[in-house]
Each structure stands twice: as C-alpha cells, then as structure tokens.
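Here is the structure we will look at, set down as structure tokens.
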Amino acid sequence: MSKTLGLLPRTVSSITHAFRPVASKGLARMKKHEDILKLFNSRRASISLHKKAAGDTPARRFNATASYQSPAPEPPVEDKGQQSTAYLGTTKRLPEFSLANRVIVVTGGARGIGLIQAEALLEAGATVYALDKEPEPSAEFDVVQRRARKELGGRLHYRQLDVRQDQELPKVFREIGDEHGRLDGLVAGAAYQQEISALDYRAKEATEMFEVNITGVLMTAQAAAKQMIRFGNGGSIVMIGSMSGTVANRELISAAYNASKGGVLQLGRNLAMEWAEHKIRVNTLSPGYTKTTMVTELFKTHPERESFWESQNMMNRLSKPEEYRGAVVFLLSDASSFMTGSDLRIDGGHCAW
Numbered sequence: 001m002s003k004t005l006g007l008l009p010r011t012v013s014s015i016t017h018a019f020r021p022v023a024s025k026g027l028a029r030m031k032k033h034e035d036i037l038k039l040f041n042s043r044r045a046s047i048s049l050h051k052k053a054a055g056d057t058p059a060r061r062f063n064a065t066a067s068y069q070s071p072a073p074e075p076p077v078e079d080k081g082q083q084s085t086a087y088l089g090t091t092k093r094l095p096e097f098s099l100a101n102r103v104i105v106v107t108g109g110a111r112g113i114g115l116i117q118a119e120a121l122l123e124a125g126a127t128v129y130a131l132d133k134e135p136e137p138s139a140e141f142d143v144v145q146r147r148a149r150k151e152l153g154g155r156l157h158y159r160q161l162d163v164r165q166d167q168e169l170p171k172v173f174r175e176i177g178d179e180h181g182r183l184d185g186l187v188a189g190a191a192y193q194q195e196i197s198a199l200d201y202r203a204k205e206a207t208e209m210f211e212v213n214i215t216g217v218l219m220t221a222q223a224a225a226k227q228m229i230r231f232g233n234g235g236s237i238v239m240i241g242s243m244s245g246t247v248a249n250r251e252l253i254s255a256a257y258n259a260s261k262g263g264v265l266q267l268g269r270n271l272a273m274e275w276a277e278h279k280i281r282v283n284t285l286s287p288g289y290t291k292t293t294m295v296t297e298l299f300k301t302h303p304e305r306e307s308f309w310e311s312q313n314m315m316n317r318l319s320k321p322e323e324y325r326g327a328v329v330f331l332l333s334d335a336s337s338f339m340t341g342s343d344l345r346i347d348g349g350h351c352a353w
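Per UniProt numbering, the sequence shown starts with residue 1, numbered consecutively.
Here you go:
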C-alpha cells in the first residue's frame with residue numbers, strides 16, 4: 001500500500017507532465033486550423049467579389065484551368081466636335097486656353113507691350129489685328145508678323161488708326177467683321193502718360209489725356225461690342241488699366257493719368273453690366289511698374305527712380321512686358337468664361353502693403 005500510495009503521486013505527476021506538451025501542441029494545431037479557416041474564408045470572399053466584378057453569375061462555374069481574362073477596356077470617347085464642360089476624354093492640352101479661329105483686335109499693338117500681347121494671342125491660335133496711330137509699325141512688328149505666318153500658321157494685320165477718330169473706329173471694326181464673319185475679342189491698350197503737377201495742368205493737356213485714355217477706350221470698346229452683337233457670338237473685351245488706377249504713386253506726379261486709369265476700371269465694371277446680356281465679358285488688366293523701352297529711357301534722366309520703384313513692391317523688382325502675356329490669353333479665352341466686371345492686377349504685391 002505504501003508503495004502504491006508512494007507511486008501514485010509520481011504516476012499522476014508523470015502523467016500530468018506528459019500531457020502538458022501534448023495539450024500545448026493540440027492548442028497550437030487548433031489555432032493553426034482556425035487561422036487556415038480564416039484565410040480560406042477570406043480568400044473565398046475575395047474570389048466571390050472578384051467574380052462579381054468580372055460579371056460572374058450563379059450560372060457560371062469557376063474553372064481552375066482557364067486563364068483569367070480581364071474585363072474589356074472602355075471604348076474610346078467619340079469626338080463629335082463638341083467638348084464636354086469637364087473636358088473628359090479629350091486629347092487636347094488645356095483647350096480652354098485656345099484662341100483658335102478667333103479674331104481679336106489690339107489697340108496700341110504696333111510696339112511695346114501691345115505687340116508682345118498680340119504675339120501671345122497669335123501663339124494661342126488667334127488672328128490678330130493691331131491698330132495704332134503710327135503710319136507704319138515698328139521693325140519688331142515685322143519680325144512678329146513673319147513668325148506668325150511661317151511658324152504659327154496665323155495672321156497678324158496692321159491698321160493705322162487713332163482711337164480719337166471716333167468716326168473711323170466703327171468703320172474699321174466693321175471691315176474686320178465683314179472679312180471674317182466674326183469678332184471675338186479686343187485688347188484696348190492705347191494710352192499715354194504725362195508727368196505734370198496738378199497745379200500746372202492746363203485744360204487742353206488734361207483733355208488730350210482723357211480723350212485717349214478714357215474716351216478712346218470707351219469708343220473702341222463700343223465699336224467692338226457692336227460687331228460682337230451683330231454676329232451673336234458674344235466675346236471678351238480687355239481694357240488695360242493700371243495699378244495707378246487704384247493707388248497714388250509715391251513721388252510720381254501724374255494726377256490726370258491716374259484718374260484716367262481709375263476711370264478705365266470703373267468703365268470696365270459698367271460695360272460688363274450692360275453687355276452681359278449679349279454674352280460679352282468685360283474685364284480690366286492692371287499692370288504694376290513695368291520696364292518698357294519708355295521707362296528705360298526715363299531712368300537715364302532719373303536713375304534714382306529705378307531702385308525706388310523696385311523697393312515699392314514685395315518682389316523688389318520691376319515687371320517685364322512679357323509677364324502679362326498669359327494674363328491676356330486667360331482673359332480673352334474660355335479659361336475665364338465666368339469672369340466679368342473684374343480687375344486683374346499684376347503688380348508684384350505693390351498694392352498689398
């Protein structure tokens with residue numbers, strides 16, 4: 001009995017110790033089995049979703065030996081000559097900036113910023129008419145005209161016209177409209193600057209300034225709008241303002257000029273209101289200090305102005321004429337189709353502080 005009782009604990013103990021690793025392996029096997037079931041179920045669910053995406057139905061059976069065939073690609077979008085508002089399926093790049101087949105007039109386009117803007121419009125696909133008071137355009141104009149014909153496949157035309165000739169303006173615009181059966185855009189950029197103290201201005205000098213910078217812009221816009229209304233296609237008019245229409249320029253005495261540019265900004269808002277019913281958009285573009293040929297000549301007699309003007313804006317430099325090319329294309333194209341009565345001011349942050 002004593003031996004039996006003495007053996008019993010050892011036997012139970014040995015049995016217990018013997019089953020511990022077996023139980024541990026069994027639990028591991030069970031856990032592994034559960035993991036396999038979970039993996040199988042997840043793969044089965046994935047296959048089910050894949051079959052649904054592939055168009056499988058209960059009537060079809062999975063064939064393990066068959067190679068998988070991906071769904072057929074969507075058919076290409078048929079080009080019917082009509083562009084969707086979202087431009088989906090188009091092979092063109094930013095088509096809303098295109099000015100292809102459009103006819104645009106640029107006043108003050110014989111040289112300088114006006115000519116640079118005309119070239120940008122040509123690059124965007126437009127046919128461009130430059131109007132200026134000079135009997136013959138500049139040598140730079142001839143270079144751009146040749147480039148338009150040989151490289152861009154477009155046409156740049158020149159018409160001598162002073163915007164103060166209010167009797168001639170409608171005739172010239174009508175001739176352009178008759179030639180092409182349309183008129184789509186205008187850049188009213190003819191203007192000039194006078195630096196005269198307000199105490200020294202004479203009525204004649206002020207009148208001459210306003211005749212070009214205000215009345216000339218209004219009459220030019222009117223002549224263009226009449227052709228746009230005649231053809232019923234609407235259009236876009238851009239009038240060149242200035243940051244000087246918003247602020248007084250420090251140490252630059254030009255009250256009449258600044259007033260004329262302020263008038264252009266207000267004129268743009270009012271024309272936009274009147275002509276919106278004819279699908280004509282009217283906006284203004286206001287440059288900051290720009291290093292044109294005229295300004296470069298000014299710095300020869302007033303060299304201190306260059307560094308002073310540069311310090312007036314956040315970018316600490318003057319703008320270049322070509323930095324307004326994109327703005328003009330934007331305002332005349334469908335890229336700005338919901339923009340009217342607005343002023344696009346590009347001044348390096350001058351007016352922001």
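Think of the CB as a built atom: it goes at the ideal place given N, C-alpha and C, for glycine as much as any other residue.
For A100, the number of other beta carbons within 10 angstroms of its own is below 16, and it is reported as exposed. Contact between the segment 293-300 and the segment 258-265 is not established, with fewer than three Cβ pairs separated by less than 8 Å. In this structure, G348 keeps its C-beta atom at 9 Å or more from the C-beta atom of Y257.
Straight across, the Cα-Cα distance linking A148 with L331 is about 21 Å.
Within the segment 184-255, the complete beta strand (DSSP E) runs of at least 3 residues fall at 185-188, 235-240. At the C-beta level, E123 and L152 come within 9 Å of one another. Looking at the DSSP output, Y129 bridges to V105, H157. Taking C-beta atoms as the reference points, A118 and V103 fail to come closer than 9 Å. The C-beta of T340 has 16 or more other C-beta atoms within 10 Å across all chains shown, which makes the residue buried. For L94 and Q167, the gap between their C-alpha atoms comes out near 40 Å. Under DSSP, S286 forms a beta bridge with R345. Ranked by Cα distance from I240, the options C351, A352, R202, S342 are led by S342. 9 Å or more divides the Cβ of V187 from the Cβ of R155. The segment 135-150 and the segment 185-201 do not touch, with fewer than 3 CB-CB distances between them shorter than 8 Å. Collapsing the DSSP output to three states places S307 in a helix.
Assigned with DSSP and collapsed to three states, S333 falls in coil, not helix or strand. Counting C-beta atoms within 10 angstroms of its own C-beta, G177 has 16 or more neighbours from the protein chains shown and is therefore classed as buried. Distance from the Cα of F231 is smallest, within the candidate group K133, N316, I346, L183, for L183. Per DSSP, reduced to three states, the secondary structure at R281 is strand. The residues Q227, in chain order, have a CB closer than 7 Å to that of R174 in the same chain once the five nearest residues on each side in sequence are set aside. Take E310, set aside five residues on each side of it, and the residues of its chain with a beta-carbon closer than 7 Å to its own are N316, R317, L318, in chain order. With contacts defined as CB atoms closer than 9 Å, A225 and I280 qualify as a contacting pair. By the neighbour-count criterion, in which a residue is buried when 16 or more other Cβ atoms sit within 10 angstroms of its Cβ, W353 is exposed.
About 4 Å separates the Cβ atoms of S242 and K261, confirming a contact at the 8 Å cut-off. The Cβ atoms of C351 and T246 lie closer than 9 Å to each other.
Approximately 18 Å separates the beta-carbon atoms of L271 and V328; this is outside 8 Å, ruling out the contact. For A110 and P321, the gap between their C-alpha atoms comes out near 14 Å. Membership of T296 in the alpha helix (DSSP H) is indicated by the continuous run 293-301. Relative to G112, the option among A190, L344, S307, Q312 whose CA is nearest is A190.
Counting along the chain, the unbroken alpha helix (DSSP H) around G177 starts and ends at 169-180. Approximately 6 Å separates the beta-carbon atoms of V212 and V163; this is inside 8 Å, confirming the contact.
Counting C-beta atoms within 10 angstroms of its own C-beta, A223 has 16 or more neighbours from the protein chains shown and is therefore classed as buried. In the DSSP assignment, D142 falls within the alpha helix (DSSP H) that extends over 139-147. In the three-state reduction of the DSSP assignment, S260 falls in the helix class, which pools H, G and I. Classified as buried, G216 has 16 or more neighbouring CB atoms from the shown chains inside 10 Å of its CB.
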